[in-house]
Each structure stands twice: as C-alpha cells, then as structure tokens.
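A.B. asks: My questions all concern the structure below.
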Amino acid sequence: SALICALILLQGLLSILRRLKQSPEQEVRLLLLGLDNAGKTTVLKQLAAEDVSHITPTQGFNIKSVQSTGFKLNVWDIGGQRKIRPYWRNYFENTDVLIYVIDSSDRKRFEETSLELAELLEEEKLATVPLLVFANKQDLMTAAPASELAESLRLHTIRDRMWQVQACSALTAEGIQDGMTWVCRNIKFRKKP
Ligand code: G3D
Ligand code: MG
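Going by mature numbering (1 follows the signal peptide of the UniProt record, and there is no 0), the letters in the sequence shown line up with residues -15 to -1, 1 to 178, in that order.
Encoded structure:
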C-alpha cells in the first residue's frame, strides 16, 4: 500500500539523521516542500532504509507527517493550495531545516517556485530556519545548473539565514547525500523546555 511504501521510503533519511544526531532527548524537525512534480517523493525514495513509528496522511490535505523516535518530517506540495495556506503554519512550528525541492528542467515554473519560496521565507515561524534548495533533475540535459537556479531565485539576497543550493538527481541519487550532510551540519538543536 501507499502507506507501507512511504514508510520504507523514509527509512534512509531517518537513519542518516539518527547517525548524526548528538543528543537523544532532542527531536529534529524537517520540512520538505516544493511545487508538485519537483521530485519530493523521489527524494524520499533515495533516503530509504529503517524504522518509522508512524506516518499520518492528513485528511483533506496533501500533507504527510512522519514521526519516528527523535524525528519529525513534514512533506507537502506547495502552490495551488491558497485556501489552506493558513493551515500550513501549524506545521512550521520549531522547524530545524527547510528543504526546498525544485525541478531544474522546468524553467517555465522558476518564477512560480521562486514566489512560493519567497512567501515561505517571510513566514514568521520559519524566520532564521536554515534553507537547503535541491536543484533536482540534474540528470536531464535541459536542467538549469544550480548556479543559474540560484540566480533565478535570487538566493544570494537571503541575509537572515544559512542557505545552500545543492545540485542533485533524486533519480540517480547524485547529490542527495551531500545535501543531507549540509542539513545535518546546519540543524540547530532546540533546547527542551
Ligand atoms: P513530487 O513528489 O514533488 O510531486 P515526484 O515529485 O517525486 O513524484 O516526481 C515527479 C516526477 O519527476 C516523477 O516522474 C519522477 O520520476 C520525476 N523525477 C523526480 N526526480 C527526478 C530526477 O532527479 N530526474 C528525473 N529525470 N526525473 C525525476 P513521473 O514520470 O513518475 O511523473
Ligand atoms: Mg509527491
């Protein structure tokens, strides 16, 4: 089933994070966002390996929440869901790293994805949260290089947080590990109250 499949897909990410996690009392929270067709589900596939305690597909919304000991990962398609936008904020709380996935071959949607990202970066609850942009689908001849994507998205104007653009292909796995290494390095662990 889709549920079992999703569980398997998330195993690797969790194992990578678990290995890098320093303190057992703390929980790492990741948001994995991007337009539909950007490659988010395929990124998850590449991160495949062990146990996830549960996954909650939110009813009526295309939000997937994955919970495991010490980790919480929220994934959804951004854009075209204006009406439920205010509801997203429930998922922004205490995010450690925002991972934004882009189809580098889809130049027609660079402006759209850029605007969506800009709006996300304005979110109060995501202020100062480190940003990793996956310039995905680099295996395609038509893919814009990460540098062009960064320019198109004006990433160099970001001043209020750490950010990184990582060229990758979720299809071949190239660049995914490098991206996750950056993520793990830039996680700011929250202090437990
Ligand atoms: P989403 O979850 O962000 O909506 P998906 O995106 O992971 O479902 O990917 C959308 C489509 O793009 C899929 O193709 C998927 O195979 C493809 N894709 C994802 N990553 C890459 C990549 O790095 N390179 C290439 N060439 N394709 C990629 P289909 O045909 O299944 O719709
Ligand atoms: Mg998907």
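Ideal placement from N, C-alpha and C gives every residue a C-beta, glycine not left out.
Would you grab the beta carbon distance between ALA129 and ARG92 for me? Rounded to a whole angstrom, and I think it's under 8 Å.
C.D. replies: Here residue 129 corresponds to residue number 144 of the sequence shown, with the count starting at 1. Here residue 92 corresponds to residue number 107 of the sequence shown, with the count starting at 1. 6 Å between Cβ atoms; contact.
A.B. asks: Closest to GLU109 by CA distance: which of LYS68, GLU159, ARG146 and ALA152 is it?
C.D. replies: As a working note, residue 109 is residue 124 in the sequence shown. Comparing Cα-Cα distances from GLU109 to each of LYS68, GLU159, ARG146 and ALA152, the minimum goes to ARG146.
A.B. asks: Let's test the definition: count the other Cβ atoms within 10 Å of the Cβ of ARG74 and tell me whether it reaches 16, buried, or not, exposed.
C.D. replies: The residue labelled residue 74 in the question sits at position 89 within the sequence shown. Exposed.
A.B. asks: Mind listing, in chain order, the residues whose beta carbon lies closer than 6 Å to a non-hydrogen atom of the ligand MG?
C.D. replies: After applying the 6 Å Cβ criterion, the set is LYS25 and THR26.
A.B. asks: Taking the CB atoms as reference points, tell me whether LEU134 and VAL114 lie closer together than 9 Å.
C.D. replies: Translated into positions along the sequence shown, residue 134 becomes position 149. Translated into positions along the sequence shown, residue 114 becomes position 129. Not a contact, by the Cβ cut-off of 9 Å.
A.B. asks: Label MET126 either buried or exposed according to how many other C-beta atoms from any shown protein chain fall within 10 Å of its C-beta, with 16 as the threshold for buried.
C.D. replies: Numbered from its first residue, the sequence shown carries residue 126 at position 141. Its Cβ having fewer than 16 others within 10 Å, MET126 is exposed.
A.B. asks: For GLN123, is the beta carbon positioned less than 8 Å from some heavy atom of the ligand G3D?
C.D. replies: On the sequence shown, residue 123 is found 138 positions in, with the first residue counted as 1. True, at least one ligand heavy atom lies under 8 Å from that Cβ.
A.B. asks: Can you confirm whether the stretch 160 to 167 touches the stretch 136 to 143 when touching is taken to mean that 3 or more C-beta pairs between the two stretches lie within less than 8 Å?
C.D. replies: Not touching, per the Cβ criterion.
A.B. asks: Is the beta carbon of VAL86 less than 9 Å from the beta carbon of ASN171?
C.D. replies: As a working note, residue 86 is residue 101 in the sequence shown. As a working note, residue 171 is residue 186 in the sequence shown. For VAL86 and ASN171, no; Cβs fall outside 9 Å.
A.B. asks: Since ALA128 sits in a beta bridge, which residues does DSSP pair it with?
C.D. replies: Within the sequence shown, the letter at position 143 stands for residue 128. Looking at the DSSP assignment, ALA128 forms no beta bridge with any residue, so it has no partner.
A.B. asks: Check GLN123 in the structure and name its three-state DSSP category.
C.D. replies: The residue given as residue 123 occupies position 138 in the sequence shown. Here GLN123 sits in coil by DSSP.
A.B. asks: Hey, quick one: how far does the beta strand (DSSP E) through TYR76 stretch, first residue to last?
C.D. replies: In the sequence shown, the residue the question calls residue 76 occupies position 91. Here TYR76 belongs to no beta strand (DSSP E), and DSSP marks it neither H nor E.
A.B. asks: Just the C-alpha distance for LYS57 and LYS25, rounded to the nearest angstrom, thanks.
C.D. replies: Locating residue 57 in the sequence shown gives position 72, counting from the first residue. Locating residue 25 in the sequence shown gives position 40, counting from the first residue. So the two alpha carbons sit approximately 16 Å from each other.
A.B. asks: Do ASP88 and the ligand G3D come close, with the Cβ less than 8 Å from some heavy atom?
C.D. replies: Along the sequence shown, read from residue 1 onward, the residue named residue 88 stands at position 103. It does: the Cβ of ASP88 is within 8 Å (strictly closer) of some heavy atom of the ligand G3D.
A.B. asks: What separation, rounded to the nearest whole angstrom, lies between the Cα atoms of residue 179 and LEU20?
C.D. replies: No statement about residue 179 is possible, as the shown extent of the chain runs from -15 to 178 and does not include it.
A.B. asks: Give the single residue among LEU15, GLU96, ARG70 and THR80 whose Cα lies nearest to the Cα of ALA112.
C.D. replies: Taking the sequence shown and counting its residues from 1, one reaches residue 112 at position 127. The option with the nearest alpha carbon to ALA112 is THR80.
A.B. asks: Pick out whichever of VAL60, TRP61, ILE84 and ALA23 has its Cα sitting closest to the Cα of GLN123.
C.D. replies: For this step, residue 123 is matched to residue 138 along the sequence shown. Nearest option by C-alpha distance: ALA23.
A.B. asks: Once you ignore the five residues that flank PHE77 on each side, which residues in its own chain have a CB closer than 8 Å to its CB?
C.D. replies: Within the sequence shown, the letter at position 92 stands for residue 77. So the list reads LEU16, GLU108, LYS110 and LEU111, once near-sequence residues are dropped.
A.B. asks: How long is the line joining the alpha carbons of GLU101 and SER89, rounded to whole angstroms?
C.D. replies: Here residue 101 refers to the residue found at position 116 when the sequence shown is read from its first residue. Here residue 89 refers to the residue found at position 104 when the sequence shown is read from its first residue. Whole-angstrom Cα-Cα distance: 15 Å.
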